[in-house]
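Residue numbers (the numbering used here): 18 to 275. Notes follow the structure.
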Amino acid sequence: MTAPLYAMRDHVNRPQVNLPAPKPKMRGVKRVFTWLAKLVLGLFFASILSVVLLRFIDPPMWSWRMERAIFPPAPITEVRHQWRSLEQISPELQLAVIAAEDQKFAGHSGFDLDAISSAIEYNQKGKKVRGASTLSQQAAKNLFMWSSRSFIRKGIEAWFTLLMELIWDKARILEVYLNIVEFGPGIYGAEAASKHYFGKSAAKLTRYEASLLAAVLPNPWRYKVSPPSPYVEQRSAWIRKQMRQLGEVTLKKVNEAQ
C-alpha cells in the first residue's frame, strides 16, 4: 500500500533543519565543569582511602609538620619525633590531654556542640577568639589541614573528622593525636617531648610531668614546658584537678568506645 500523495509531498518538500554547532565558549565551560566534577569525585574517594589506610598505618608525615618545615615561625635546629603505640604512652599523659583539651572525648561523635555554641557566644562579645575543637578535630587538622583560618578549611576539617570518627575507634584517634601533636618547636609526639624535657620515655611520665606537657598544647611555641612559666604551672595544676575528677574510668570509656 502506497502512502498518500500529500504525505509524500510533505516528506519531500520538508526543509532540513540544521542545528547550530555548539559554540566554543559553551564547550569550554562544559569541559571545565566536567573536570571539576571528576576532581571533586577523585578527592572524595582519596580522602576516604587515606583515612582507611591510616587506621592501620602510622603516618610518616602529616600536613602540619610539613608546613612547619616549609614556613617555620622561627628557626628550628632539630626535628624530633618517635612513634609510640598508645600502650607505650603513660596513661597519665592520655588523661592529662583529655582533661586539658576535650573532656567529652569518649562520648561525642567528633564535635562538641555545647562548646561550639559557647565559643560563638564568647567570640560575639568581642573578646579574644576562643576555639572549640575536639581532639578528633585537632587530629584531623594536624594530619590533613593547613594552618590558615577559613570556612573552606573548617569544612574540609569537619569532613575528615567525620571520616575518622566513622572509620577509626577512639583509641586510634587518641594515639595518632599524641604522636603528631607539637609540644615545642620541632618536637612532635609524646615520646620526643618526654625525652627532650624529662629525659625519659613517654611510658614513664608522672602526673605532674604529663600535666605540664598538656598545659602548653594551646600554643607550644609561646608556652614552655621547661622552665614552666607561672601561667603553665597554674594551668597544669588545673589540669591535675580535672584529671582527679575524670578518673581512670575516662580512659576505660575511650578504650571501649568505637
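Cβ coordinates follow ideal geometry from the N, Cα and C atoms, glycine included.
DSSP state of residue i mapped onto helix, strand, coil
{"i": "TYR205", "result": "strand"}
{"i": "GLU104", "result": "helix"}
{"i": "ARG48", "result": "helix"}
{"i": "HIS98", "result": "strand"}
{"i": "PHE62", "result": "helix"}
{"i": "PHE161", "result": "helix"}
{"i": "ALA156", "result": "helix"}
{"i": "SER135", "result": "helix"}
{"i": "GLY216", "result": "coil"}
{"i": "ILE173", "result": "helix"}
{"i": "PRO247", "result": "helix"}
{"i": "TRP238", "result": "coil"}
{"i": "THR223", "result": "coil"}
{"i": "MET78", "result": "coil"}
{"i": "ARG72", "result": "coil"}
Buried or exposed by the 16-neighbour rule on C-beta atoms within 10 Å, applied to residue i
{"i": "VAL57", "result": "exposed"}
{"i": "LEU180", "result": "buried"}
{"i": "GLY172", "result": "exposed"}
{"i": "TRP81", "result": "buried"}
{"i": "PHE200", "result": "buried"}
{"i": "GLU192", "result": "buried"}
{"i": "TRP79", "result": "buried"}
{"i": "SER211", "result": "buried"}
{"i": "GLU95", "result": "exposed"}
{"i": "ILE169", "result": "exposed"}
{"i": "ALA91", "result": "exposed"}
{"i": "GLY216", "result": "exposed"}
{"i": "TYR6", "result": "Residue 6 lies beyond the stretch modelled for the chain, which goes from 18 to 275, so this question has no answer here."}
{"i": "GLU265", "result": "exposed"}
Cβ distance (whole Å) where residue i is taken to contact residue j below 8 Å
{"i": "ALA123", "j": "ALA232", "result": "At roughly 21 Å, the Cβ-Cβ gap does not stay under 8 Å, so ALA123 and ALA232 are not in contact."}
{"i": "ILE190", "j": "LEU234", "result": "Not confirmed; about 16 Å, so no contact."}
{"i": "LEU160", "j": "PRO89", "result": "Not really, about 19 Å apart at Cβ, beyond 8 Å."}
{"i": "LEU112", "j": "THR223", "result": "With a Cβ gap of about 12 Å, LEU112 and THR223 do not count as contacting."}
{"i": "ARG97", "j": "ALA209", "result": "4 Å"}
{"i": "SER230", "j": "LEU110", "result": "Per the sequence shown, residue 230 should be read as Leu rather than Ser. The Cβ separation is near 6 Å, so the contact holds."}
{"i": "ASN196", "j": "TRP100", "result": "5 Å"}
{"i": "SER64", "j": "TRP163", "result": "Their Cβ separation, rounded to whole angstroms, is 15 Å, which puts SER64 and TRP163 out of contact at 8 Å."}
{"i": "MET260", "j": "ALA116", "result": "5 Å"}
Cβ neighbours of residue i in the same chain (closer than 7 Å, five flanking residues each side left out)
{"i": "THR69", "result": "The sequence shown places Val at residue 69, rather than the Thr named in the question. Counting only Cβ-Cβ distances below 7 Å, and skipping sequence neighbours, we find ILE184."}
{"i": "LYS221", "result": "SER107"}
{"i": "GLU182", "result": "SER126, GLY127 and SER153"}
{"i": "ILE93", "result": "PRO202 and GLY203"}
{"i": "ALA188", "result": "LEU103, VAL271 and ASN272"}
Same chain only: Cβ atoms within 8 Å of residue i, ignoring 5 sequence neighbours per side
{"i": "ASP129", "result": "ASP119, LYS121, ALA149 and THR151"}
{"i": "SER102", "result": "GLU192"}
{"i": "LYS133", "result": "Residue identity check: residue 133 is Ile in the sequence provided, not Lys. Excluding residues within five positions, the ones whose Cβ falls inside 8 Å are ALA149."}
Neighbourhood of residue i by C-beta, 6 Å cutoff - its chain only, sequence neighbours within 5 removed
{"i": "LYS270", "result": "ALA123"}
{"i": "THR178", "result": "GLY127, SER153, GLN154 and ALA157"}
{"i": "TYR214", "result": "VAL242 and SER243"}
{"i": "SER228", "result": "ALA113, SER253, ILE256 and ARG257"}
{"i": "ARG72", "result": "ILE184 and TRP185"}
Chain B within 7 Å of residue i, Cβ atoms only
{"i": "ALA117", "result": "Among the protein chains of the structure shown there is no chain B, as only one such chain exists."}
Beta bridge counterpart(s) of residue i as assigned by DSSP
{"i": "GLU199", "result": "TYR205"}
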